[in-house]
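Written below as structure tokens is the structure these notes are about.
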Amino acid sequence: NNIFIADFWNHRIVTWKCNAKEGQIIAGANGRGNQIDQLNCPTDVIVDPQNHSTIIADQGNRRVIQWLNQNQQILIDNIDCWGLAMDKHGFLYVSDYMKNEVRRWKTGEYNNEGVIVAGGNDKGNQLNQLHAPTFIFVNENESVYVSDVNNHRVMKWRKDAKEGTVVAGANGYGENLNQLSYPQGVIIDDLGQIYVADYGNNRIMRWCEGEEEGKVVGENGEGNQSNQLNRPYGLSFDDEGNLYVADHFNHRIQKFATIL
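Following the UniProt record's numbering, the numbering of the sequence shown begins with 1 at its first residue and continues without gaps.
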């Protein structure tokens, strides 16, 4: 159970083993830059289960890059990437926060523009639009969940859909249970429940699809105590269902035991 962390301001990817006292740098850390062995404000990282390579959203360099045993390869260039996901077939999904869309590429076939799977209709708040999408999640049915940040909502786009459906938020900016504030990380558990890092409200919310409001599963006000968050960002589960939260302004990763 290694934790892979996009260490944004240090321009590197770090992995931490369970109960370790320090992490290990596996990509970057050669200063901020655009050389092949450098990163510039990486926002997301995933591991390709086929070859155990690390795929990185190298946001500041506008590229998606793969690291495998200190060998680097640019997979996708000239893209304002933010979030990454991979489906069960090995297709790679990338959100583009400037073009307000999510695209999909077949593994190994990156010399094309990919296929739009969410958004792509300019920025806006209609069901076929996104406004600054960041983190994404793809489920077993190849539905794409998108944190639609500036619309304060999470959208679900089914495979081959022409528009999405709202599964969290979309009731304006706010802290009520039917609202979100600049949502970031999004992840789905085995029951199909949607967990959202409600960035502006310093809380983690759980939404069940079709319900009008969510439930707070992690919030004790803004702060740096062990039960508090300060701008929660990325989310991840381990195999035991524990939830990991990138606690942005506290410069740490928080682990929450399985939430029932």
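Glycine included, every Cβ here is placed at the ideal spot set by N, Cα and C.
Only buried fits Q129, as 16 or more other CB atoms lie within 10 angstroms of its CB. In this structure, T15 sits away from N1, with a CB-CB distance that is not shorter than 7 Å. Taking 7 Å as the cut-off, the beta carbon of F4 is found closer than this to the beta carbon of V45. In the DSSP assignment, N71 falls within the unbroken beta strand (DSSP E) covering 71 to 77. Shown here, Q59 sits in a helix according to DSSP, grouped into three states. Taking C-alpha positions only, N178 is separated from N171 by approximately 7 Å.
Here Y199 carries a helix assignment [DSSP, helix/strand/coil]. Burial is judged here by how many other beta carbons sit within 10 angstroms of a residue's own beta carbon; G214 has at least 16 and is buried.
Contact between the segment 98 to 114 and the segment 160 to 168 is absent: fewer than three C-beta pairs spanning the two stretches fall below 8 Å.
About 7 Å separates the beta carbons of S236 and I187, which is inside the 8 Å limit, making them a contact pair.
The beta-bridge partner set that DSSP reports for E222 consists of L229.
Taking C-beta separations shorter than 6 Å and ignoring five residues to either side along the sequence, the partners of G234 in its chain run G185, A246, following chain order.
Non-local beta-carbon contacts of D239 in its own chain, meaning distances under 8 Å to residues more than five positions away in sequence, involve N1 in chain order.
Per DSSP, the unbroken beta strand (DSSP E) holding R153 starts and ends at 153 to 157. Here the C-alpha atom of A27 lies approximately 31 Å from the C-alpha atom of M205. By a beta-carbon distance limit of 8 Å, Y97 contacts A132. Their separation comes to about 5 Å. Counted as a single uninterrupted DSSP element, the beta strand (DSSP E) harbouring L243 occupies residues 243 to 247.
For L92, the enclosing beta strand (DSSP E) covers residues 92 to 96.
Going by DSSP, I13 is part of the beta strand (DSSP E) stretching over 12 to 16. Judged by DSSP secondary structure, T134 falls within the beta strand (DSSP E) whose first and last residues are 133 to 138. Counting every other CB atom within 10 Å of its CB across the protein chains shown gives I74 a total below 16, marking it as exposed. Inclusion of N150 and G119 in the CB contact set at 7 Å is not warranted, their separation being larger than that value. Here G221 has N202, Q228 as same chain residues with Cβ atoms under 8 Å from its own Cβ, once five neighbours each way along the sequence are excluded.
Close CB contacts of A161 within its chain, under the 6 Å cut and outside five residues either way in sequence, are absent.
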